[in-house]
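If you read the protein sequences in the order shown, they are chains H and F.
Going by my numbering, the first sequence opens with residue 1, and the numbers climb by one from there.
Going by my numbering, the second sequence opens with residue 278, and the numbers climb by one from there.
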Amino acid sequence: MQDTTFNALADLALESTGQFIASSKSYLVEARLSSILRREGFASCDDLAACLKARPNPVLSAEVAAALQTRRTRFFRDNDMLERIVGDVLPRKLKLSKAGRIKIWCAGVSTGEEAFSLAILLHEQERALRGARIEILATDICRSALDSARAGTFGHYSIQNGLSVHRLLAYFDELETGQWQANEELRRAITFRHHNLIDAEANLGQFDIIVCRHVLSGMAKSIRSSVAERLSDSLLPEGLLVLGHGETLTGISNAFEPSRRHRGGWDAIPAARRVAA
Amino acid sequence: MRHCLIVDDSRVVRKVAGRIVANMQFDVTEAVDGADALTKCRETMPDVILLDWNMPVMNGLDFLRALRRETEGRKPKVVFCSTETDKEHIGEALRSGADEFVMKPFDTDILQSKFAEVGLV
Chain H
1 MQDTTFNALA
11 DLALESTGQF
21 IASSKSYLVE
31 ARLSSILRRE
41 GFASCDDLAA
51 CLKARPNPVL
61 SAEVAAALQT
71 RRTRFFRDND
81 MLERIVGDVL
91 PRKLKLSKAG
101 RIKIWCAGVS
111 TGEEAFSLAI
121 LLHEQERALR
131 GARIEILATD
141 ICRSALDSAR
151 AGTFGHYSIQ
161 NGLSVHRLLA
171 YFDELETGQW
181 QANEELRRAI
191 TFRHHNLIDA
201 EANLGQFDII
211 VCRHVLSGMA
221 KSIRSSVAER
231 LSDSLLPEGL
241 LVLGHGETLT
251 GISNAFEPSR
261 RHRGGWDAIP
271 AARRVAA
Chain F
278 MRHCLIVDDS
288 RVVRKVAGRI
298 VANMQFDVTE
308 AVDGADALTK
318 CRETMPDVIL
328 LDWNMPVMNG
338 LDFLRALRRE
348 TEGRKPKVVF
358 CSTETDKEHI
368 GEALRSGADE
378 FVMKPFDTDI
388 LQSKFAEVGL
398 V
């Protein structure tokens, strides 16, 4: 791949999704675009970039940008934090909630493993949560990943990565294609929507908990701060942001501080109390 | 170091699984069928057994039932590893005493995940 091609595709990813791709990762660009190249009949990334330059195609550009994103996910990834959300954060929030309704937003869910993991834990804790109304909104920028997540279907490798055989038997059924599908109750527990975290106009409402794991760390530093700002606007008062293991907003955004009430979570700082970063 | 016994009549599967499990810091021994595995368990009971279903002489299910009747036979975690992946077969393996189930083919992530499920990673 020519340097000019890499630069054009890296710029496209940055402008469309906020993702930063280092030049040392050019091999990832080729790997992640291989199915689009095949489908569209391009011999190489150079041909694709030249075509996008000569004949701008917003739909294809958006698809290319989404395909360039990191999609590594698995069931029950960083499970300690998920269990803390269900076993500790939710019961506390429910005590404070008059309506008994909790809204959770899982941002950047890719093919849905994280959202389904959360839905499984909620189902297992149903009795402890005393019939509370818990809504899960799961979003991603990649429409093909969302289609797969919405169908609740998982392939041979992903269904066995992080999911115990007991949960497999309890919540999934094998399809004739060899894929496994989450049962209807689990699928009904999650609403999937297309959403771009860097789109300032896209407002999804406000949430008690936002789970946004291993998404911000893939973004350019210059963009993380504004995305964090928007996430803080999407939190209800006393709301909690959950990032991935090892991710931090310290030194990146003045909109959040490590939560004193919930270990591993982040509390939004009211605008009046924020200091310049 | 913990000890894993890999039971499979395929030399290729034993070799591939053995390499993955050795990288997970296990001592690895091999058995070619259920009868061979039972003899080896009576000599030294492993911490975990990666067990194939269809084998000559004694299949995985018969071995598992016999193992669980041995004095120390409750000790090893047993991860079944099979191409029989319908719910009925998986359920039968669990009812017979398996702790986890791997659907073939597998890779490093799957074996690590399943060993973690039984508390070995």
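Every residue gets a Cβ at the ideal spot worked out from N, C-alpha and C, and that includes glycine.
This one's a predicted model, so the numbers in the text were calculated from it and none came from an experiment.
F:D329 versus F:V284 - alpha carbon distance: As a first step, residue 329 of chain F must be located in the second sequence, where it is residue number 52. As a first step, residue 284 of chain F must be located in the second sequence, where it is residue number 7. If you take the alpha carbons of F:D329 and F:V284, they lie about 6 Å apart.
H:A268 and H:G239 closer than 9 Å at C-beta: Reading the first sequence from its first residue, position 268 is the one you call residue 268 of chain H. Reading the first sequence from its first residue, position 239 is the one you call residue 239 of chain H. Their beta carbons are under 9 Å apart, which means H:A268 touches H:G239 by this criterion.
Residue-level contact to chain F via CB, H:Y157, 9 Å cutoff: Taking the first residue of the first sequence as 1, we reach residue 157 of chain H at position 157. Closer than 9 Å: yes.
Exposure label - H:V215; buried when at least 16 CB within 10 Å: Residue 215 of chain H sits at position 215 when you count from the first residue of the first sequence. Label assigned to H:V215: buried.
Residue nearest to H:Y27 in terms of C-alpha spacing, selected from H:R101, H:A50, H:F6: The residue you call residue 27 of chain H lines up with position 27 of the first sequence. Comparing Cα positions, the closest option is H:F6.
Cut-off 7 Å between Cβ atoms - residues of its own chain near H:L235, not counting five sequence neighbours on either side: Walking along the first sequence from the start, residue 235 of chain H turns up at place 235. Once the five neighbours on either side are set aside, the close Cβ partners of H:L235 are Q206, F207, I210, L241, A268.
Bridge-paired residues (DSSP) for H:I102: Translated into positions along the first sequence, residue 102 of chain H becomes position 102. According to DSSP, H:I102 bridges with H:I134.
Under 7 Å from the C-beta of F:F378: neighbouring residues of chain B: Annotation note: the requested chain B is absent from the structure, which comprises protein chains H and F.
The ligand MG heavy atom lying under 8 Å from the CB of F:I387: In the structure on display, the ligand MG does not appear, and there are no ligands present to speak of.
DSSP state of F:V334 mapped onto helix, strand, coil: Translated into the one-based positions of the second sequence, residue 334 of chain F becomes position 57. Coil, per DSSP.
Cβ distance (whole Å) where F:V298 is taken to contact F:C281 below 8 Å: Residue 298 of chain F sits at position 21 when you count from the first residue of the second sequence. Residue 281 of chain F sits at position 4 when you count from the first residue of the second sequence. About 5 Å; that satisfies the 8 Å criterion.
Any chain F beta carbon closer than 9 Å to H:D80: Counting from one through the first sequence, the residue named residue 80 of chain H turns up at place 80. Chain F contact via Cβ: absent.
Start and end residues, alpha helix (DSSP H) containing H:A8: Counting from 1 along the first sequence, the entry for residue 8 of chain H is found at position 8. H:A8 -> alpha helix (DSSP H) spans 3–17.
Within chain F, the residues that H:E174 reaches when beta carbons sit closer than 8 Å: Mapped onto the first sequence, residue 174 of chain H falls at position 174. Going along chain F in sequence order, the residues near H:E174 (Cβ under 8 Å) are T362, D363, K364.
Nearest-angstrom Cα separation, counted from H:L146 out to H:A286: Shown here, chain H extends from 1 to 277; a query on residue 286 of chain H therefore has no answer.
Inter-residue CB distance, H:E113 and H:R150 (contact presumed, cutoff 8 Å): Taking the first residue of the first sequence as position 1, residue 113 of chain H is located at position 113. Taking the first residue of the first sequence as position 1, residue 150 of chain H is located at position 150. Rounded, the Cβ-Cβ distance is 13 Å, inconsistent with contact.
The region 43–51 of chain H in contact with the region 1–19 of chain H per 3-pair CB rule at 8 Å: In this structure the region 43–51 of chain H lies against the region 1–19 of chain H, because at least three pairs of beta carbons, one per stretch, are closer than 8 Å.
Minimum C-alpha distance to H:I104 - residue among H:G251, H:Q69, H:R193, H:L137: Counting from one through the first sequence, the residue named residue 104 of chain H turns up at place 104. For H:I104, the nearest C-alpha among the options comes from H:L137.
contact_flag[the region 160–167 of chain H, the region 378–389 of chain F] where n(CB pairs < 8 Å) is 3 or more: Of all C-beta pairs linking the region 160–167 of chain H to the region 378–389 of chain F, three or more are shorter than 8 Å, placing the two stretches in contact.
Any chain F beta carbon closer than 9 Å to H:R74: Numbered from 1 along the first sequence, position 74 holds the residue referred to as residue 74 of chain H. Chain F contact via Cβ: present.
Distance CB(H:S158)-CB(H:T111) smaller than 9 Å: Sequence index remark: in the first sequence, residue 158 of chain H carries index 158 (1-based). Sequence index remark: in the first sequence, residue 111 of chain H carries index 111 (1-based). Taking 9 Å as the Cβ cut-off, H:S158 and H:T111 qualify as a contacting pair.
Residue from H:G218, H:M219, H:A255, H:G251 with nearest C-alpha to H:A228: As a first step, residue 228 of chain H must be located in the first sequence, where it is residue number 228. Ranking H:G218, H:M219, H:A255, H:G251 by Cα distance to H:A228 puts H:A255 first.
Proximity winner among F:P353, F:F303, F:T362, relative to F:A314 (alpha-carbon distances): Looking up residue 314 of chain F in the second sequence gives position 37. That would be F:P353, whose Cα lies nearest to the Cα of F:A314.
Local conformation of H:E126 per DSSP, three classes: Looking up residue 126 of chain H in the first sequence gives position 126. Under the three-state reduction of DSSP output, H:E126 falls in the coil class, being neither helix nor strand.
4-residue-minimum alpha helix (DSSP H) runs that sit fully inside the region 38–74 of chain H, ordered along the chain: 45–54, 58–67
Proximal residues of chain F, C-beta to C-beta of H:N161 below 7 Å: As a first step, residue 161 of chain H must be located in the first sequence, where it is residue number 161. Within chain F, the residues near H:N161 are D386, I387, S390.
Close-in-space but distant-in-sequence residues of the same chain around F:V334 (CB under 7 Å, 5 per side omitted): The residue given as residue 334 of chain F occupies position 57 in the second sequence. If the five residues before and after F:V334 are omitted, its C-beta is found closer than 7 Å to the C-beta atoms of D310, G311, A312, all from its own chain and listed in chain order.
F:V290: first and last residue of the uninterrupted alpha helix (DSSP H) it sits in: The residue you call residue 290 of chain F lines up with position 13 of the second sequence. 288–300 is the extent of the alpha helix (DSSP H) around F:V290.
9 Å Cβ cutoff met for F:S359 and F:G337: Here the question's residue 359 of chain F lines up with position 82 in the second sequence. Here the question's residue 337 of chain F lines up with position 60 in the second sequence. Closer than 9 Å, so yes.
Buried versus exposed, by CB contacts within 10 Å (16 or more), F:D363: Here residue 363 of chain F corresponds to residue number 86 of the second sequence, with the count starting at 1. It is exposed - the Cβ of F:D363 has fewer than 16 other Cβ atoms within 10 Å.
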